[in-house]
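Structure, as structure tokens:
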Amino acid sequence: MEKIDKYAVEEKRRIELGKFIREKREELGLGLNQLATKIDITNSLISKLENGVTQKISPFLLKQLAKGLRIDYRELYKIVGYLDDDEKIVPNAEIAFNFKRVPVFENISAGYGANESEVIDYISLPNYQGTFSGDIFAVQVHGDSMENTIEDKSIVFIKKESEIQNKKIGAFIVNNQAYLKRYFEDEHGIFLRSDNREYRDIEIKESDDFIIVGKCIGSFVKEG
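Using our numbering, the letters of the sequence shown correspond one by one to residues 96 to 319.
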């Protein structure tokens with residue numbers, strides 16, 4: 096049985112972390128909603144972190160925050176006690192993970208079909224509290240249509256699902272053309288929207304062959 100205090104952070108460190116996050120966010124001129132959209136987590140969670148009320152803080156979440164704040168994630172690890180001053184993992188911090196091996200495909204269409212012969216690589220990911228549970232694959236982004244949320248050349252992780260929440264980022268196939276976009280549905284219809292507003296919305300018509308491949312659950316910029 097998993098210990099209930101796993102990833103629990105003491106109050107003093109939570110308050111210090113919250114103050115640090117707020118200062119860095121304000122230095123960048125980002126509102127809560129802007130940062131939340133940038134790293135694809137809820138603004139309410141960021142608010143709770145800044146106010147020091149989130150008791151369990153995963154290393155994966157800290158890495159996402161560091162990316163959005165343009166800082167080294169190790170700064171956040173040190174604040175909560177996951178690293179000591181010599182940047183060594185603190186033994187009792189309990190940040191060990193189960194790892195999930197995720198296939199990387201050349202494109203979304205290949206990942207949707209999930210043909211083993213089309214896998215170009217594998218990535219091992221820390222599966223904190225089932226973050227990467229389910230049928231997941233990865234693809235590399237080519238283009239700037241989702242900047243500043245997802246950068247060109249990023250590796251994006253897609254969890255296969257046949258439905259997606261409104262305004263969430265997902266992978267789609269429209270008339271055999273694959274897209275990574277934000278899903279919008281209102282009284283006027285269904286649209287796939289780029290976060291880079293230089294790109295036009297894609298309207299989904301009744302006659303279109305439209306497939307929801309899955310939702311985006313994370314991304315990172317591959318170095319090198």
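The beta-carbon is built from N, C-alpha and C at its ideal position, and this holds for glycine as well.
All values reported here derive from a predicted model rather than from experimental measurement.
Within the same chain, Cβ atoms closer than 6 Å to the Cβ of K143 are found at T149, the five residues on either side in sequence being excluded. Residue environment: S249 is assigned as buried (16 or more neighbouring CB atoms within 10 Å of its CB, all protein chains considered). With a 10 Å radius around the Cβ and a threshold of 16 neighbouring Cβ atoms, Q272 comes out exposed. V104: not part of any beta strand (DSSP E); DSSP gives it neither H nor E.
Under the three-state reduction of DSSP output, F279 falls in the strand class. Cβ atoms of L160 and L171 come within 8 Å of each other, at about 6 Å.
In chain order, R109, I110, G113 place their CB closer than 6 Å to the CB of G147, counting only its own chain and leaving out the 5 sequence neighbours on each side. A Cβ-Cβ separation of about 6 Å places I297 in contact with F286 under the 8 Å criterion. Contact check for V104 against V175 passes: the beta carbons are separated by less than 8 Å. Put simply, of K173, D303, H283, V308 the residue whose alpha carbon is nearest the alpha carbon of K276 is V308. In this chain, S289 is not harboured by any beta strand (DSSP E), its DSSP state being neither H nor E.
For the 8 Å CB-CB criterion, D290 and N261 do not form a contact. Membership of V251 in the beta strand (DSSP E) is indicated by the continuous run 249-255.
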